[in-house]
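For the sequence shown, the positions run 1 to 315 when my numbering is used.
The beta carbon of each residue, even a glycine, is placed where N, CA and C say it ideally should be.
This report concerns only the one structure given below.
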Amino acid sequence: MSDSGNWCLIESDPGVFTELMKGFGAEGLECDEIYDLKETNRISDALGLVFLFKWDGVSGDDEKIVHNPKSKGLFFAKQVINNACATQAIINILLNLDDSEINLGETLTQFKSFVVDFDSSMKGTALSNSDKIRAVHNSFSNYQVFEFEDKASKKENDTYHFVGYIPVKGTLYELDGLKEGPVDHGIIPDNCSWVDYARPILEKRMQKCVDGNFNLMAVVPNRLNMYEKQLTQLRNTAGNKSAELIEELEKNIANEKQKAASCRQENIRRRHNYLPLIIELLKILAEDSCLLESVNKAKTIGLERHKAKTISAKK
Numbered sequence: 001m002s003d004s005g006n007w008c009l010i011e012s013d014p015g016v017f018t019e020l021m022k023g024f025g026a027e028g029l030e031c032d033e034i035y036d037l038k039e040t041n042r043i044s045d046a047l048g049l050v051f052l053f054k055w056d057g058v059s060g061d062d063e064k065i066v067h068n069p070k071s072k073g074l075f076f077a078k079q080v081i082n083n084a085c086a087t088q089a090i091i092n093i094l095l096n097l098d099d100s101e102i103n104l105g106e107t108l109t110q111f112k113s114f115v116v117d118f119d120s121s122m123k124g125t126a127l128s129n130s131d132k133i134r135a136v137h138n139s140f141s142n143y144q145v146f147e148f149e150d151k152a153s154k155k156e157n158d159t160y161h162f163v164g165y166i167p168v169k170g171t172l173y174e175l176d177g178l179k180e181g182p183v184d185h186g187i188i189p190d191n192c193s194w195v196d197y198a199r200p201i202l203e204k205r206m207q208k209c210v211d212g213n214f215n216l217m218a219v220v221p222n223r224l225n226m227y228e229k230q231l232t233q234l235r236n237t238a239g240n241k242s243a244e245l246i247e248e249l250e251k252n253i254a255n256e257k258q259k260a261a262s263c264r265q266e267n268i269r270r271r272h273n274y275l276p277l278i279i280e281l282l283k284i285l286a287e288d289s290c291l292l293e294s295v296n297k298a299k300t301i302g303l304e305r306h307k308a309k310t311i312s313a314k315k
């Protein structure tokens, strides 16, 4: 795999992934964070799952890999560049959704059409070379005062990776861009939702994350759109029960609007360049002869935290 190739790291946050999908042009979708796999009612309509974990370089389930994804009606792009795994995971999910139900937008529709006859490696190369997709991805990059060369090596336990899970034609697939193809996790039973079927597979993956550093999100239909549509339908229905449901939906809509506003605000903060403020604060501290004292205090606190973390890890 090549280096970062001007692709920034992406934070595993539902607000970030929701805006990524919007930036790519996909409509009517959002990401929702999952805290408890046993409570799946909230995500019963999930279209895909995004799992973040600390990558250890060990690959499994090789015998389940589908080496010809197209024969199964699957879109799969291999990851050929570092730092692109977040976008890789979400696009692998989006391009496997039913085009008749989801509006992917012009960018993704054209990309899917362009790479339709490519193999998985070429699809990954085309994705990494897409200026539009990379621009949306890099809109979440952090500002830096200096440009640093990529380090030759990093600790393995500092490497995180995103993979996707989707149901396609009654079968659960894992989409890991670092593998040779999608992983076939078997046929989903008729009496079982695909999310419930995926639960033990995800739990097994989570058990390997002994430090608890993992994150799970679901790609779901946009909740605000869904509630507003339900409200419009109910307002045309008479009856006391409808009045109660209308009140509940209005509360849900208000909550979703508040959540969306909060996500927008957080994304603005992520993109904002705080460096001038930080530099000015450092200048003021230096002028007041407080900078050295503050630096030494920060070093002491940092060493104490590192020591406490080391002791905790040994227990």
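Residue i in three-state terms, based on DSSP
i: residue 51; result: strand
i: residue 219; result: strand
i: residue 104; result: coil
i: residue 164; result: strand
i: residue 183; result: strand
i: residue 35; result: coil
i: residue 95; result: coil
i: residue 9; result: coil
i: residue 174; result: strand
i: residue 114; result: helix
i: residue 268; result: helix
i: residue 30; result: strand
The alpha helix (DSSP H) enclosing residue i, as first and last residue numbers
i: residue 282; result: 275-287
i: residue 127; result: 120-128
i: residue 18; result: 14-24
i: residue 135; result: 131-138
Rounded straight-line distance, which links the Cα of residue j to that of residue i
i: residue 261; j: residue 215; result: 23 Å
i: residue 45; j: residue 227; result: 14 Å
i: residue 13; j: residue 129; result: 25 Å
i: residue 50; j: residue 111; result: 21 Å
i: residue 236; j: residue 248; result: 16 Å
i: residue 68; j: residue 224; result: 38 Å
i: residue 41; j: residue 257; result: 21 Å
i: residue 170; j: residue 278; result: 53 Å
i: residue 196; j: residue 37; result: 8 Å
i: residue 155; j: residue 213; result: Caution is warranted here: a pLDDT of 47 is assigned to residue 155, below 50, making its placement in the model unreliable, and the coordinate value is therefore given only provisionally. One C-alpha to the other measures close to 15 Å.
i: residue 188; j: residue 194; result: 6 Å
i: residue 283; j: residue 296; result: 16 Å
Selection from the options that minimises the alpha carbon distance to residue i
i: residue 18; options: 65, 94, 80 and 77; result: 94
i: residue 162; options: 90, 272 and 73; result: 90
i: residue 117; options: 100, 75 and 43; result: 75
i: residue 84; options: 20, 37, 112 and 26; result: 20
i: residue 184; options: 65, 309 and 29; result: 65
i: residue 120; options: 101, 178, 109 and 299; result: 178
i: residue 180; options: 71, 278, 29 and 77; result: 77
i: residue 7; options: 92, 134 and 265; result: 134
i: residue 61; options: 39, 267, 173 and 307; result: 173
i: residue 138; options: 298, 10, 296 and 281; result: 10
i: residue 252; options: 263, 268, 230 and 265; result: 230
i: residue 316; options: 32, 31, 22 and 54; result: No answer is possible for residue 316: the residues shown for the chain start at 1 and end at 315.
i: residue 31; options: 302, 164 and 310; result: 164
Integer-rounded CB distance, given that residue j should sit under 8 Å from residue i
i: residue 73; j: residue 168; result: 6 Å
i: residue 140; j: residue 305; result: That belief does not hold up - the Cβ atoms of residue 140 and residue 305 are roughly 27 Å apart, past 8 Å.
i: residue 24; j: residue 124; result: Going by Cβ atoms, the distance from residue 24 to residue 124 rounds to 16 Å, so no, they are not a contact pair.
i: residue 27; j: residue 96; result: Not quite, the Cβ-Cβ distance comes to about 17 Å (not below 8 Å), so this is no contact.
i: residue 29; j: residue 221; result: 7 Å
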